[in-house]
Each structure stands twice: as structure tokens, then as C-alpha cells.
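If you count the sequence shown from 1, position 749 lands on 773 in my numbering, and the numbers rise without skipping.
Idealized CB from N, CA, C, for every residue including glycine.
Since the structure is predicted, the reported quantities are computational estimates derived from the model, not experimental observations.
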Amino acid sequence: MTFRNLAGWLLAVLLLLPAAAGAVRPAMLAPSQEKAREAWVDSVMLTLDLRHRIGQLFIPMLDPRSLPAAKNVVKTDIDRYGIGGILISGGTTAQHAALIDYAQSVSPVPLLVTLDGEWGPAMRLKDAERFPYNMTLGGIDNDTLLYDYGREVARQCRLLGVQAVFAPVLDVNSRPDNPVIGRRSFGENPGRVSRLGSAYSRGLEAGGVLSIAKHFPGHGDTGTDSHKALPVVDHSAETLRDVDLRPFADYISNGFGGVMVGHLNVPALDNSGTASSMSQPITEGMLRDRLGFEGLVFTDGLAMKGAIPPGGGDNCVGALLAGADMLVEPASIRTAMAAILEDVKTGRLSESLIDNRCRSVLRWKYTLGLSKRPSPSPAGLKEKMNGPESETMRRRLTAASIICLDNADGLLPLHRLDTTSIAVVNIGAPAHNTFSQFCARYAKVDVYSSAGESGITATTLGKILSHDVVIAAVYDDNAACRAALSKLKGATNLIEVFLTGHYKVARFAPLDSRSVILCGENTRLSQEYAAQALFGGIRVNATLPVTIKGVAPVGTGIGLVKTRLGYTTPEDRGFTPALAKATDSLMRLGVRTGAFPGGVLLVAKDGDIVLEKAYGYTDSGHTRRVSADSTLYDLASVSKIAGTLPGVMKAADEKLLDISAPASRYIPGLRQPDKKDITLRRMLFHESGFPAGIVSAAVVTDTASYTGRLVSARPTRDNTIKIARRAYANRTARLRSDITSHAASPSTPWQIAPSLWVGPATRDTLMNRIYNVKLRDNSYRYSDLNFALLMDAEQRATGVPHEQWVDREIFAPLGAWRTTYRPLQRFKPSEIAATEHDRWLRKATLRGYVHDELASYSGGVQGNAGLFSTAGDLAKLAQMWLNGGTYGGERLISAPTVSEFITARSDISRRGLGFDAPDTKNPDSSPTAPEAHPSTVGHLGFTGTCMWIDPSRNLIFIFLTNRINPSRDNSAWSDLDIRPTLFSTILSSLSSR
């Protein structure tokens, strides 16, 4: 049956279908290359006899898992038939590359290497990182992102030696029980499928890889798998026009180059029952004539059971007669070759048809760069394919695909973390996984699981339901998961997070929750970004790509705003790929040389953490590895800006404290002639005249317990305990028994070492020494005493102990629940990095006890030091400042107050209001890096810590370590000078982009 002999009713049907304005030339076939292209085609045609011209139309499938056997097969196919291309399926990246390189090396005419890669190479390569399924991506309303996705897949394909990809899938999946398409489709909305498919194709072809749309004329509404039988698409002409064919018509009109014709029985287009891949009315008549397609036509796999030839002949012959250019996965090339040669001999197939199809194939080979022998695969191929570009793209796609189906009363993103108790219940997965881990990065959560023999017991259920918010993460739709979720219906605020396929959610209908998040699949990244969506780490604006029966119609989606720090890759925020490698090298060098036992590096930009990585151990004995999420570090002087300064800013913001007023207004001990007029502002600038510090040991030791110097620059008979470089302590000195104790008591409730306690009298004694210290001149002099007095003023102004004030007003609302003074009251010693081994007065390795002597003998809370935190928690504080005082959708400090503290600078030094800053006049003395912007603020800490915030670049750099473990006398630390080097590396990586 030919197109011209179809019944009149079919002609009428075709008139209903989309028509091209004329033939549409694929954009990749650039007219500027036509002369050179045709010359190359002519030259190759002269070398091919009829048999080998036919051979150019075959694309056999190869399995590289048995590489020697696969090489033998492809060598035979090339030698006997002169095959035109190959399709490799299964195995590893290395096996693919080896087979491709070998095949190209033995083929006289370069091979067109194809890939069945609907979600990237990982569809067929087991060690390639997988991109999200198309249905997951179907909710994205961002064509640029899909274009970028196509470019990334093209990059990977070119590395692998692939020139053509059987993608995108343009089938409109209007049938939930479709056995073969399903998640392979972008969804049930033809317009969305068309837009996303075309955007992806544009990226592929811009990257030099041929896109091959499939499965023409549309496999989306079938109940049969064409791998097993011939499916029927029983759509009317109108439905075909408006639904199935629309994405293909748009794809063709946009000038893309390849189409795969499926094995489908479409009565409205060909009432003979012939498979579309062998139907002239469909392939030649509809695809080429009606839609104007001038690109390369591929068949679906001809070994599939649906590839039924008309009249029982050879399906390769049938496909050529129908209009195909390339014959994919023939059941037997030998049989097909014999059948084609026989039909050429009888005249059923003309030599001119073979020549024309061969020339088409060769034109595309030239266009795809195959006029020259392909280069061998590069070294480190797997690492290059799965590199930063791949991770960044997978993250961007996953983040953009998260859907919020319901959000009663604006429950999401979660807010008021300081007053909200949260339970995370993993249904169908262990309690501790990526999802629960990332929830814990945002808030203190209690984690449960339905997994295990007992499931959710009555006791466990009672604990879960006692929380203000219950987050139920669902990983499967089996009966056990459905039963477990139903137990949680009584939660006050139930949030359901589905880490399953879209259609599976229907099995939980009707949903009974306040908010619903749908991820579409369960991967490491979907778990991570689901958590980010709940807490405001990402903006959510995707919509349902399909209707979920009993739950929501296609197009449903509720927008969620970004309110907190998110997580992405450095490359996604403009850093070069070299950043991670360079910082890794520096951090590992520090650990290896003993500059520090371990540490955490964090970099954030534009509201997202791009690096947060732990290195080494929590102590020099290598007893426990550092955790980026949970290891607490003694911040030392970073406490000044992370603890005292936020407290002062908040008190000032509440009009409880006036930084322009004399400190003596709040501190009676400063009402002395030489100190009564010193303002808090001068203390913040370190221009108060106070000395750098006091010798705390001299205050708390009993002078009657020793003779000679308490500390000397050289060892003497009594000064034998080395406590620092050029500092030797008196071995006979003992602590005062009136203000310290070796046991807890009502007067000494604060433990500052394993066998040492102090109390309010100890702190007051130290503060009185500070009140009465002799002043120096009012020039700039960095002083711990300024911040001890600032905290003192804050406490007196607010009437609340500093540690309670800053926790209530700053840390708790931020969700910085691992930031605290006296950490052993809340955390295990194993969660805290050790600092120095104090051989003198405290007689212990300090782990969870503040190292700084003034803060220590003050009971662990002091304005100059004492705070413990994680890098992630500090980043929340820094981002709040960069946001102008807001975080998590709440205002913590007013924008004018934040602006004043962040931007003010001293007239006589580099200092800001409490912050340190770059020294622009004396760069060699700057605490930052040569590349640091003048607006940068932050601080260094004696334990090896630092925190820098660059408002001009919206950038945060945090480095936490314990370089004083086991001793502050550490020449490797000073030799390395790692803090400015790290900062310089980060800024250079950004500026060189």
C-alpha cells in the first residue's frame, strides 16, 4: 500500500493534522558547509559498492561487557557489511570507550556512534551519574535549564565518542498505566512536552550531538510494550494533531535533525495495521511530506516484537520502503542484507533509493565531525564525565523539579524554628539518610523510621505525635508504607514528602496533610533538595507534569520562596572547577604537616553553600574524624563577632543599648574619672585605651603558692612548664581555693576542666580587675577587654545573661542549634574538637571547655571568647547579615542596624564596629587576602578559626580548626599561613571566571 493509493478518508484526516510551511532543513546542516560536505560524501561514495552502501544504513547493538567478543562482532560487521554506525548498551564507561575506540580504528568509514540516553549516558552506562527522569523534569518551567541540560549531555557524549542520542522522548504520556513510556515522558501536557523536548534538543545540537526525537508518531497512550507486541494507538485524527503529533511538529519546525519512528499501529494514519516504522503513509507521508522533515530518520529497534513486517517480509526492507534512513538493531544483518540485495535485484528497492539514503547518512557524518578519524577517548574519562559540570547540572535539575502540591496556611517553608519541635519519619527507609541529615542542617529534628520488624509502635507513635510538626518522607507505595503513613494522620501539622514516582502517589489518596512535597524519584539529590524545599533553601515553582488520580490535576503547583541558605556546587555560583581541588590540596597539606589535626572549610555565595567539607580528625591522636555537619569548634576570638556582637546589635536594635553612650551608663565599675566617658562605640573600634588583656592566671592563682615569677620568658628552676613560645609557667603555682574548686558546689557551679569548677565570684574577680586596669592612650589597640565589657554592658542593659539572650534572640531563630557556650551541657565530648593540653593549671586536654583563659575562668562565657559552633551555623549568622537582618522569613535585626555595623569603619585603623576588616593601607598586615574587597568584615580566632563576609560578592568564607591541639606552640601552622591562602584561592577562583 502506498500513500497515493490511500482511501479518500485518509486524505481528509491528514488535512486535520499540522502541516509544515514547506520542507524544514535541519539547522545543523549548515549551508556554508554544503560544498565541502558534498565533496566528502562524493569521495566516500566512490569507495563503496552497493553492499557497503547498504551497510552504511545499519546500526547494530553491541554489548561491551564481554569486550573481546564485542570486538570480534563489530570487526566482522565492519568487514562483511561495512556498517554505518553502532549502538552500545550496558557495561561501564571504560568498556564503552574501549569498544568505540576499537570500532572506529578498524572501520574504513567512520562510524556514527549512537546512545540510547534518555536521561544521559547513565541510561546505558552503569558507572555514569544519572540525571533525573524526564517525568521528574516535566514540571520545570525553564527552557534555558533544559537547554543547558542538553549541552551537558552533549559534553559527556563527545567525551565518550558518541555523535547521536536517541532523545528526547516526545511521547505525551496520557495513560498512567503505560507499560513502557511512563517516567520516560515529560508528561501529559503536549505544549510542555514540546517546549522541554525542543529546549533539550537545542542544547544537544548546540553541543555538536544529533538529537533523535522518539517515538514518532507518539507512544504515550498505549497499553502494550512495543518490545513485546505491536501496540495500538486508537486516537482520532484530532487527538493525534493536538496531542501526539504536536511535539514532533514543533521539533521539526525548530530545525532539529533526527527522528526515530516507533513500532505502532495507528489506524487514523494507516488503517492497514502496519507498524508505523514500516508504514509509508506514516514515515514518508506524514513525517517527511506533511511535516516537512528533512533530517535523518531512524527506526526503533528492529529486533523488538512490535517490528512486525507487512506481509511477513523482512522488516529492514519494510522500513526502507517506508522512508527510514538508518536501521537500528536489526535481528540479523546477514538476513537483512540478503533481503535488501534481493529486492534491489527484483526492482522492489531501487539502487537510487539506497544511494540517496547512504548519502544522507554520510552528510550527517560529515556534519557531526566524522570526516576525520575520531580521536581516542581521553584519559580519566569517567572522572571527566562525572565531573563538576555533571554534578552541577544534576543539582540544578533536581532543585527545579521539586513540586509543592499543598501548603495550608503557608506552613512551608518552615519558620519559627526556635519554638517548633520537629519529627522526621522515614517511611520505607532507615531513619538516618541524606534527607534526615539535611533536615538536621536546618533545625533540631528527632528522627524515626517505619523500617524494621516492629515498625511504628504505639510508644514511638506517641513520641512522634507530640511534635509540633511531623515530616513524613515516603519512599515506596507498598502496603507497609501506606499503613505507616496512615498512622500519622493525627499529627497537628503533617507534611508529606513523596520520594516516589508521580503516579505512585495516587495509592495514598486521599492525602490528609497540611503540606505536600513531591520529588518524582528517590535519589541522593532528591532527598537533599526535598529537605531544602521544606526549610526554604530553594525556591520551589515546578508543577505537576501529569494528573495524579485522587490527588491533583496536571499543572498543580504552589510556589515556595527561598528564605534560608541552600546547597549547590561552586561551579553553579561562578567558581572555576579548580576551586575544590585547590582547597582540598591546601587542607590536606595542613593535616599532613601537622598544622592542625583537622578542620572544616565552608564557602557560600549568593545564598547557597557551595563548599562544606571536613578534613582530618578532632584531635592529634586521630581518635575521631571531623564531621562537617556536627563537629563543634572552639571559636576563640571569632566569638567576638559570632556571640557578643549579635547580642550587642540586638540590644541596640531594641533600644536597650546605645553604642554612642558611655559604657559607664550600664557598668557601674567604669564610673571612674579615667573611664567614665569611654563609649561603647570606641570599644567596638578598639580605641578605648584598654590594654590588650590581663593575665588571668595572675588573678586566679594564689600568690603564696609560688616564689619568683609566675611566668618567665626562659626556663628557670621553678619556671619549667612551657605554655607557649618564650613562656614558662611556675610549677609550684596553685589556684586560689576561695574562687576555684576541684568539685562542683553552689558557689562554683561552672565546670571549666575535667577537675576544675569556678563560679560567679571568679568571674566578678576578673571583671573587677578589668574595671580597674590602667589605661593606655586612645589610639587603636586590639583588646579582649573591650569585648568583655561590651558583653557586660549588654547583659546589664537587657537583664538577661548573655548566653541566654543571644540564644533566644539570634541562634534559636536562625536554627543554629549547634552554637552554644558551655557545649558539654548539650553535646557529647566526642562531638567537639579538642584544643590544647593544659599542663599547668587546668591539667587536661580541653575538649568542650573553652581554651581562652579569661573566658575559661569567667565560667565559659565571656565577651572575647567562649562560643562553640559549626561552620554551617556560622554561615546562617553571616547570611542573616548579608540579608540585611532577615533569615528564615523572619527579621532578627533591623536593616539600618545591620548596615551601620557592617559598613562603619574607624578613622584611624582598619577596624569596623566590632568586626575586623582588610587593611587597605598596609596590605602586608591585612588579616584577609590581597584580593579581599574593602567591604569585607569578619574576624580571626586564636584556635585557628576565621570567618569572613564579603557583601560586595555576597560571599562567606569560614574556616574552623583546632591548630592548638595538642599545643599552641605549632611552627607548622605559622609556616603554612593557611587562612589568607585559602581566602585568596577562593577569591581568585571566583574572579578568574
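With respect to the 8 Å criterion, A557 and G581 are not classified as neighbours on the basis of their beta carbons. DSSP, read as helix, strand or coil, puts L436 in coil.
Secondary structure of D788 (DSSP, three-state): helix.
DSSP places G109 inside the beta strand (DSSP E), whose first and last residues are G109 to I112. Spanning the alpha carbons of V874 and L441 requires a straight line of approximately 27 Å. By the beta-carbon neighbour count (other beta carbons within 10 angstroms, threshold 16), L344 is buried. Using a 10 angstroms sphere on the CB of P454, the tally of other CB atoms stays under 16, which defines it as exposed.
About 15 Å separates the beta carbons of A687 and T822, which is beyond the 8 Å limit, so they are not a contact pair. Around the C-beta of K396, fewer than 16 other C-beta atoms lie within 10 Å, and the residue is accordingly described as exposed.
For I102, the enclosing alpha helix (DSSP H) starts and ends at L91 to Y105.
In the structure shown, E955 falls within a coil segment according to DSSP collapsed to helix, strand and coil. In this structure, the straight-line span from the alpha carbon of R182 to that of W143 is close to 16 Å.
Each residue's CA atom was taken as its position, placing N994 and S729 some 30 Å apart. Bridge partners of H963 according to DSSP: M971. By the criterion of a C-beta distance shorter than 6 Å, A327 is surrounded in its chain by E353 and A355, once the five residues flanking it on both sides are discounted.
Taken through DSSP and simplified to helix, strand or coil, H239 comes out as strand. Boundaries of the beta strand (DSSP E) around C428: I427 to N431. For S445, the CB contacts under 6 Å within the same chain, skipping 5 residues up- and downstream, are H491 and D492 in chain order.
In chain order, P437, L438, Y466 and R588 place their CB closer than 6 Å to the CB of F559, counting only its own chain and leaving out the 5 sequence neighbours on each side. Going by DSSP, Q775 is part of the beta strand (DSSP E) stretching over W774 to A777. Rounded to whole angstroms, the gap between the alpha carbons of Q180 and D167 is 20 Å. Counting along the chain, I364 sits inside the alpha helix (DSSP H) bounded by residues I357 to T370. Under the DSSP assignment, G486 falls in the alpha helix (DSSP H) whose first and last residues are A482 to L489. Beyond the five residues adjoining it in sequence on each side, D266 comes within less than 8 Å, by CB distance, of P214 in the same chain, given in chain order.
In this structure, A447 lies near V494, with their beta-carbon atoms less than 8 Å apart. Spanning the alpha carbons of V186 and P203 requires a straight line of approximately 29 Å. Per the C-alpha coordinates, the member of L838, L865, I932 and N810 positioned closest to Q886 is N810.
For I78, no beta strand (DSSP E) run applies; the uninterrupted alpha helix (DSSP H) run containing it begins and ends at L74 to G79, by DSSP. Distance from the Cα of D643 is smallest, within the candidate group N986, D125, E212 and L1006, for N986. Residue range L979 to T985 is occupied by the beta strand (DSSP E) that includes F981. Taking 8 Å as the cut-off, the Cβ atoms of P88 and L123 count as close. The residues N289, in chain order, have a CB closer than 6 Å to that of V256 in the same chain once the five nearest residues on each side in sequence are set aside. For I451, the uninterrupted beta strand (DSSP E) run begins and ends at I446 to I451, by DSSP.
DSSP places V494 within a strand segment (E or B) once states are collapsed to three.
The C-alpha of C463 lies about 26 Å from the C-alpha of G598.
Residue burial annotation: S510 is exposed, with fewer than 16 other C-beta atoms found within 10 angstroms of its C-beta.
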